[in-house]
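Engineer: The following block contains the structure, expressed as structure tokens.
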Amino acid sequence: MTASLKPLVNQNEPAFSYQRRVAFYETDAMAVVHHSNYVRYLEDARVEWMRHSGLLKHHAPEGDFVFAVHELSVSYKRPLKFDDEIVISMQAKLDGVRIRIQYIVEKVISAAASSDDKSSQSDRLLVATGKTVLIPLDDQFCPMRLPPEAREIFKNSPWTDAWPH
Numbered sequence: 001m002t003a004s005l006k007p008l009v010n011q012n013e014p015a016f017s018y019q020r021r022v023a024f025y026e027t028d029a030m031a032v033v034h035h036s037n038y039v040r041y042l043e044d045a046r047v048e049w050m051r052h053s054g055l056l057k058h059h060a061p062e063g064d065f066v067f068a069v070h071e072l073s074v075s076y077k078r079p080l081k082f083d084d085e086i087v088i089s090m091q092a093k094l095d096g097v098r099i100r101i102q103y104i105v106e107k108v109i110s111a112a113a114s115s116d117d118k119s120s121q122s123d124r125l126l127v128a129t130g131k132t133v134l135i136p137l138d139d140q141f142c143p144m145r146l147p148p149e150a151r152e153i154f155k156n157s158p159w160t161d162a163w164p165h
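For the sequence shown, the working numbering assigns the number 1 to the initial residue and increments by one for each residue that follows.
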């Protein structure tokens, strides 16, 4: 598994990407990834982003708050299978007390794959998109504003409404 945090150069390039392979236990009786696992992929990418951005140190148990998932949606485009290599890309923005995150899940296409694929990038095929809205909660599970140091992380966080592509 690899992850990278980078500035957004154009609206087709994500601010953060997390790469992994599909495990056998994530597939179902039809030999495809069960739909519930896409939520886990989004969460894995989100936690890695929090680690890379420095936001995770503010999160409990070390920090003073937790993030509650307030909204979640996934739109499925194509199936994934065992051992597929995938990239989960995301962007996040602070919107008042809420954190809005958009995700793209793409299958990495090998160089030997057919050139007939109409993927948005020559080496990746879009398989799903997702969105989450998080709300920080204090130790009494009441909504709270992020502390200034945590809010600062979002000031330089790239966001484009035209993304995902």
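Quick reminder that beta carbons are idealized off the backbone N, C-alpha and C, glycines included.
In this text the structure is predicted, and so the values were computed from the model without any measurement.
If I measure Cβ to Cβ from residue 139 and keep anything under 8 Å in the same chain, skipping five residues before and after, which residues do I get?
Structural biologist: Once the five neighbours on either side are set aside, the close Cβ partners of residue 139 are 60, 64 and 65.
Engineer: Rounded to the nearest angstrom, what separates residue 141 and residue 109 at their Cα positions?
Structural biologist: Residue 141 and residue 109: Cα-Cα distance of roughly 43 Å.
Engineer: Quick one: using the 10 Å Cβ neighbour count with 16 as the cut-off for buried, is residue 130 buried or exposed?
Structural biologist: Its Cβ being crowded by 16 or more others within 10 Å, residue 130 is buried.
Engineer: Would you mind reading off the limits of the alpha helix (DSSP H) that contains residue 109?
Structural biologist: Per DSSP, residue 109 belongs to no alpha helix (DSSP H) and is neither H nor E.
Engineer: Which residues in the same chain have their Cβ closer than 6 Å to the Cβ of residue 18, if we skip the five residues on either side of it in sequence?
Structural biologist: Excluding positions up to five away in sequence, the list reads 3, 45, 48 and 88.
Engineer: Check residue 73 in the structure and name its three-state DSSP category.
Structural biologist: It is a strand residue.
Engineer: Could you check what DSSP says for residue 145 in three-state terms: helix, strand or coil?
Structural biologist: In this structure, residue 145 counts as coil in the three-state DSSP scheme.
Engineer: Opposite residue 140 in the DSSP bridges: which residues?
Structural biologist: DSSP, once it has assigned bridges, lists no residue as partnering residue 140.
Engineer: Spatial neighbours of residue 155 within its chain, please: C-beta separation below 8 Å, excluding the five flanking residues on both sides.
Structural biologist: Closer than 8 Å at Cβ, skipping near neighbours: no residue.
Engineer: Quick one: Cα of residue 68 to Cα of residue 137, how far?
Structural biologist: Taking the straight line joining both Cα atoms gives about 7 Å.
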